[in-house]
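Participant: First the structure, which I've put down as structure tokens, then a few questions once you've had a look.
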Amino acid sequence: MLGMCRGRRKFLLATLALLFVPAVTWLYLSAANFQVKSIPLSPLEPQVATATLGGDRGHLALEVRVREVEEENRALRRELGQPPGRHGNQSRTYSTEEGTGDNEGQRAVAPGNGSDCAQQPPVDKCETIHVAIVCAGYNASRDVVTLVKSVLFHRRNPLHFHFITDSIAQQILSSLFHTWMVPAVRVDFYDADELKSEVSWIPNKHYSGIYGLMKLVLTKTLPPDLQRVIVLDTDITFATDIAELWAVFHKFKGQQVLGLVENQSDWYLGNLWKNHRPWPALGRGFNTGVILLLLDRLRKLRWEQMWRLTAERELMSMLSTSLADQDIFNAVIKQNPFLVYQLPCFWNVQLSDHTRSEKCYKDVSDLKVIHWNSPKKLRVKNKHVEFFRNLYLTFLEYDGNLLRRELFGCPSETDHNSENLQKTLSELDEDDPCYEFRRERFTVHRTHLYFLHYEYEPAKDGTDVTLVAQLSMDRLQMLEAICKHWEGPISLALYLSDAEAQQFLRYAQGSEVLMGRGNVGYHIVYKEGQFYPVNLLRNVAMKQVNTPYMFLSDIDFLPMYGLYEYLRKSVVQLDMANTKKALVVPAFETLRYRLSYPKSKAELLSQLDMGTLFTFRYHVWTKGHAPTNFAKWRTATTPYRVQWEADFEPYVMVRRDSPEYDRRFVGFGWNKVAHVMELDAQEYEFVVLPNAFMIHMPHAPSFDITKFRSNKQYRVCLKTLKEEFQQNMSRRYGFAALKYMTAENNS
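Here you go:
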């Protein structure tokens with residue numbers, strides 16, 4: 001039995017040997033004489049034939065290649081194992097997923113538009129990203145700031161903004177960016193008024209008006225050497241780095257020159273209401289809130305001629321556009337579908353009513369760009385509108401000063417203003433106890449002019465006058481009262497944080513009094529530093545005066561009823577146009593929060609005698625207004641001249657070209673005194689008006705006056721600044737300025 005088993009075992013071994021040896025020999029010969037084609041184990045790996053392998057060398061090469069492919073495979077599995085959208089937001093490898101997530105949304109618009117797995121080359125670290133925005137008017141200039149903040153917050157590349165603006169938006173935005181001083185950001189402006197003739201022949205029913213058509217002429221407007229640009233509406237909010245969108249340009253193929261997201265409403269399907277007849281479009285059409293433009297190719301394709309011919313043809317039956325440039329873009333694409341590259345819809349999540357925007361995202365990390373493309377804006381109906389609203393409000397109220405971040409490692413254009421500022425600051429002694437006071441004088445505060453709509457043309461008789469004042473959030477309640485007392489134009493500088501600016505906006509929009517006045521200019525100076533820059537605020541408000549004269553007041557004073565017209569008559573009576581005069585309006589005060597405001601001088605004198613009113617600061621700072629000579633004013637019937645005295649600080653009406661306030665004085669103390677001294681040095685006559693008055697209303701002490709009273713170093717520094725100012729006066733005005741030194745020593 002044992003022998004039989006051994007015999008079978010030998011037979012099996014012999015059989016295996018006979019089969020195995022030829023097999024091994026065949027494999028060896030195959031490896032030595034045939035080409036080996038590597039199998040693409042990763043969908044990102046192209047199929048490339050390897051070199052002919054032979055002997056040990058071939059085996060080693062094959063082994064190394066297998067290990068490389070396995071490592072690539074593991075990396076791919078790790079990448080695919082990340083949560084949806086994560087690598088698109090956090091890495092430099094950009095998502096190439098297309099469409100809305102359903103079959104209809106992912107249809108190919110043109111060859112090469114389907115999703116492929118080719119790895120997207122990253123945007124170079126220092127490559128400049130170009131962004132074009134059409135912006136016109138006061139409201140759009142305010143809205144676009146939130147867009148810019150969201151872009152700056154996420155960006156890691158230099159930016160070049162191209163603004164197509166009217167004169168209003170250019171004034172506002174040029175001042176804003178000049179004072180914002182964001183590194184590696186360049187801004188250019190193009191006059192929209194010069195472009196109106198290009199599109200004014202197109203009837204447009206959209207609320208954006210003629211400016212809603214100006215994206216059509218960007219190939220002609222922007223510099224001829226600019227090859228590509230991202231075009232954005234002002235109601236866009238970015239939730240990711242704009243470089244990710246810029247990288248999509250590398251995916252354009254063939255004749256694709258426009259990158260657009262499919263329209264997420266049923267507008268172009270024509271089924272919104274009975275007899276609804278939209279412009280022609282490819283399927284659902286495309287939304288033009290976010291556009292990628294290959295400008296160089298568009299110019300070669302004669303884009304100008306293409307859209308004009310299309311618009312002329314369609315207008316013969318449509319008569320006007322309903323959605324401005326979007327209708328014409330879609331009509332062109334309908335005829336030439338090869339022009340468009342369909343962007344994934346997360347690049348333009350459209351939050352108008354009844355859209356399919358919810359199909360564009362499954363998670364917060366999927367969001368890239370939010371588009372408030374409904375006239376309702378934040379009040380739009382959407383399942384997740386509260387989340388979108390909070391994201392928008394985050395940037396709306398975000399401190400813009402924090403966006404002044406350097407882009408390290410990238411060379412930037414020389415900014416002479418920034419260089420001069422840094423040089424000046426470096427010359428200050430940081431060990432000086434008054435360093436912070438001196439530094440504040442050179443701080444550049446971000447400034448947003450005309451935060452609300454402003455519309456006023458000065459009277460043509462040359463006598464018009466603007467009330468000038470400054471305030472912070474704690475004096476906001478004075479605005480309505482001042483507007484009721486002063487019917488003329490007003491220029492106000494408000495010192496606010498970004499969040500406070502939005503609180504002010506809501507307050508103003510909820511006030512019938514303020515909304516009923518188009519002649520009040522509100523200029524926001526954003527908070528920075530520890531001091532209240534009172535004289536900078538006054539200068540900002542003064543620079544925006546467009547009348548020949550200005551009344552320099554403070555926000556806690558109520559001018560008498562009719563003062564506006566009285567001052568205009570005084571301009572003629574006192575020949576203000578041909579003489580250098582400062583017309584003094586006598587100042588009084590009350591300690592009562594509820595005051596029956598006097599309607600005449602006689603009524604004021606009665607309240608003065610009863611103790612309801614007092615001459616301003618008579619009990620704490622008599623010298624400030626003593627030269628007004630209130631005793632003489634009681635019986636005066638004609639204007640009278642008074643002489644300058646030490647510490648005189650009246651409220652005056654002067655010509656618009658009068659000197660600015662000295663910025664070295666911040667917070668409390670000597671801010672008006674120094675200005676009046678300057679007026680006197682320039683030989684202004686101080687003339688007291690006999691029938692004019694203003695009354696200071698009571699309020700809690702300001703933070704700065706509290707610091708002045710409680711902080712000895714504050715008072716020491718103020719004294720030092722006064723002495724330096726007087727020395728500057730002596731150098732500028734020579735012998736005539738000696739009286740200021742003498743008067744100060746005698747006071």
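For the sequence shown, the positions run 1 to 747 when the UniProt record's numbering is used.
Note that the Cβ used here is the ideal one computed from N, Cα and C, for glycine as well.
As a quick exercise: from 682, 693, 692, 717, pick the residue whose alpha carbon is nearest that of residue 770.
Facilitator: The question about residue 770 has no answer here: the residues shown for the chain are numbered 1 through 747.
Participant: Report the rounded CA-to-CA distance for residue 753 versus residue 665, giving the unit in angstroms.
Facilitator: The requested residue 753 is not part of the displayed model; the chain covers only 1 to 747.
Participant: Under the three-state reduction of DSSP, which class applies to residue 631: helix, strand or coil?
Facilitator: Three-state DSSP puts residue 631 in a helix.
Participant: If you run the structure through DSSP and keep just helix, strand and coil, what is residue 188?
Facilitator: If DSSP states are grouped into helix, strand and coil, residue 188 belongs with the strands.
Participant: Output the residue ranges of the alpha helix (DSSP H) runs that lie fully inside the region 414-482 and measure 4 residues or longer, sorted by chain position.
Facilitator: 416-426, 435-440, all fully within the region 414-482.
Participant: Starting from residue 523, follow its DSSP beta bridges and name the residues at the other end.
Facilitator: Paired residue(s): 493.
Participant: To which residues of the same chain is residue 306 closer than 7 angstroms at the C-beta, ignoring the five residues directly before and after it?
Facilitator: Result list for residue 306: 332, in chain order.
Participant: Select from 637, 311, 592, 571 the residue whose C-alpha is nearest the C-alpha of residue 601.
Facilitator: Nearest C-alpha to residue 601: 637.
Participant: Can you look up residue 410 in the DSSP assignment and give me helix, strand or coil?
Facilitator: Of the three classes helix, strand and coil, the one that applies to residue 410 here is coil, per DSSP.
Participant: Three-state secondary structure (DSSP) at residue 685?
Facilitator: In this structure, residue 685 counts as strand in the three-state DSSP scheme.
Participant: Based on DSSP bridge pairs, tell me the residues matched to residue 361.
Facilitator: None, per the DSSP bridge assignment.
Participant: In the region 615-672, which residue ranges form an unbroken beta strand (DSSP E) of at least 3 residues, counting only runs that do not cross its ends?
Facilitator: Whole beta strand (DSSP E) segments, 3+ residues: 640-642, 651-655.
Participant: Is the separation between the beta-carbon of residue 525 and that of residue 447 shorter than 7 angstroms?
Facilitator: Closer than 7 angstroms, so yes.
Participant: Answer with buried or exposed for residue 512, where buried requires no fewer than 16 other C-beta atoms within 10 angstroms of its C-beta.
Facilitator: So residue 512 counts as exposed.
Participant: Whose C-beta lies closer than 6 angstroms to the C-beta of residue 597 among residues of the same chain, with five residues either side of it excluded?
Facilitator: Once the five neighbours on either side are set aside, residue 597 has no close Cβ partner at all.
Participant: Between residue 133 and residue 671, what straight-line distance do the alpha-carbon atoms span, to the nearest angstrom?
Facilitator: Their backbone Cα atoms lie some 41 angstroms apart in a straight line.
Participant: Do residue 577 and residue 468 have their CB atoms nearer than 7 angstroms?
Facilitator: Contact: no.
Participant: To the nearest angstrom, how far is the alpha carbon of residue 552 from that of residue 394?
Facilitator: One C-alpha to the other measures close to 37 angstroms.
Participant: For my contact list, residue 259 and residue 291 are in at a C-beta cut-off of 8 angstroms; report their separation, rounded to the angstrom.
Facilitator: Their Cβ separation, rounded to whole angstroms, is 7 angstroms, which keeps residue 259 and residue 291 in contact under 8 angstroms.
Participant: Please classify residue 435 as buried or exposed, where buried requires at least 16 neighbouring CB atoms within 10 angstroms.
Facilitator: The residue in question, residue 435, is exposed, as its Cβ has fewer than 16 Cβ neighbours within 10 Å.
Participant: What is the DSSP secondary structure of residue 728, counted as helix, strand or coil?
Facilitator: In the structure shown, residue 728 sits in a helix (DSSP, three-state: H, G or I).
Participant: Go through its chain and collect everything with a Cβ distance to residue 233's Cβ below 6 angstroms, but skip five positions before and after it.
Facilitator: Around residue 233: 289.
Participant: Can you list, in chain order, the residues of its chain with a C-beta nearer than 6 angstroms to that of residue 564? Leave out the 5 residues immediately preceding and following it.
Facilitator: Within the same chain, residue 564 has close Cβ partners 486, 487, 488.
Participant: Grab me the residues of residue 714's own chain with a C-beta within less than 6 angstroms of its C-beta, minus the 5 sequence neighbours each way, in chain order.
Facilitator: The answer, listed in chain order, is 707, 708.
Participant: Helix, strand or coil for residue 202, going by three-state DSSP, please let me know.
Facilitator: Note: residue 202 maps to coil in three-state DSSP.
Participant: Could you tell me how far apart the beta carbons of residue 625 and residue 587 are, in whole angstroms, since I believe they sit closer than 8 angstroms?
Facilitator: Going by Cβ atoms, the distance from residue 625 to residue 587 rounds to 6 angstroms, so yes, they are a contact pair.
Participant: Across the region 626-645 and the region 500-509, are there enough close Cβ pairs to call them in contact, namely three or more that are closer than 8 angstroms?
Facilitator: No, because fewer than three Cβ pairs between the region 626-645 and the region 500-509 fall closer than 8 angstroms, the two stretches do not touch.
Participant: The beta strand (DSSP E) with residue 587 in it runs from where to where?
Facilitator: Residues 587-589.
Participant: Report yes if the C-beta distance between residue 351 and residue 239 is below 7 angstroms; otherwise report no.
Facilitator: For residue 351 and residue 239, no; Cβs fall outside 7 angstroms.
Participant: Ignore the nearest five residues each way along the sequence and tell me which others in residue 500's own chain have a CB closer than 7 angstroms to its CB.
Facilitator: Closer than 7 angstroms at the Cβ level, and outside the excluded window around residue 500, lie 473.
Participant: Residue 535: which of 153, 494, 503 sits nearest, CA to CA?
Facilitator: Nearest option by C-alpha distance: 494.
Participant: Identify whether residue 583 lies in helix, strand or coil by the three-state DSSP scheme.
Facilitator: Residue 583: strand per DSSP, three-state reduction.
Participant: Which residue from 522, 621, 492 puts its Cα closest to that of residue 452?
Facilitator: Closest by alpha carbon: 522.
Participant: Anyone know if the C-beta pair for residue 748 and residue 676 falls short of 7 angstroms?
Facilitator: Residue 748 lies beyond the stretch modelled for the chain, which goes from 1 to 747, so this question has no answer here.
Participant: Please classify residue 545: does DSSP put it in a helix, a strand, or coil?
Facilitator: Looking at residue 545 - three-state DSSP - the assignment turns out to be coil, as it is neither helix nor strand.
Participant: Measure the CB-CB distance between residue 567 and residue 465 and report whether it falls below 7 angstroms.
Facilitator: Closer than 7 angstroms, so yes.
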